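What follows is a short report on a single structure.
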Amino acid sequence: MADIVNLRQARKQKARDEKTRVAEQNRALHGRSKADKQRDRLNADKAEKFVAGHRLDPSGKDEQ
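One rule links them: number in this note's numbering = place in the sequence shown (from 1) + 20.
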């Protein structure tokens, strides 16, 4: 025989699980220290300068 499932409880449990999943994502995105944020910002700036320095067109605009 199949298990009897209360749909109201199942729906509420699904909503709780979704909230937990979203909370975990937000903790990963926003739960960083100031030093972590600074390090990531410096790495992004360094990468952008590296790419900009290796462009064929120094202005960064495509002219045709």
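Here a beta-carbon is modelled for each residue, glycine too, at the ideal position from N, C-alpha and C.
All values derive from a computational prediction rather than experimental measurement.
Please classify arginine 28: does DSSP put it in a helix, a strand, or coil?
-> Looking at arginine 28 - three-state DSSP - the assignment turns out to be helix.
Please confirm if phenylalanine 70 has its CB atom under 8 Å from at least one CB of chain B.
-> Going by chain labels, chain B is absent from the structure shown, which holds only one protein chain.
Three-state secondary structure (DSSP) of aspartate 23 | coil
Quick one: Cα of glutamine 58 to Cα of valine 25, how far?
-> 49 Å
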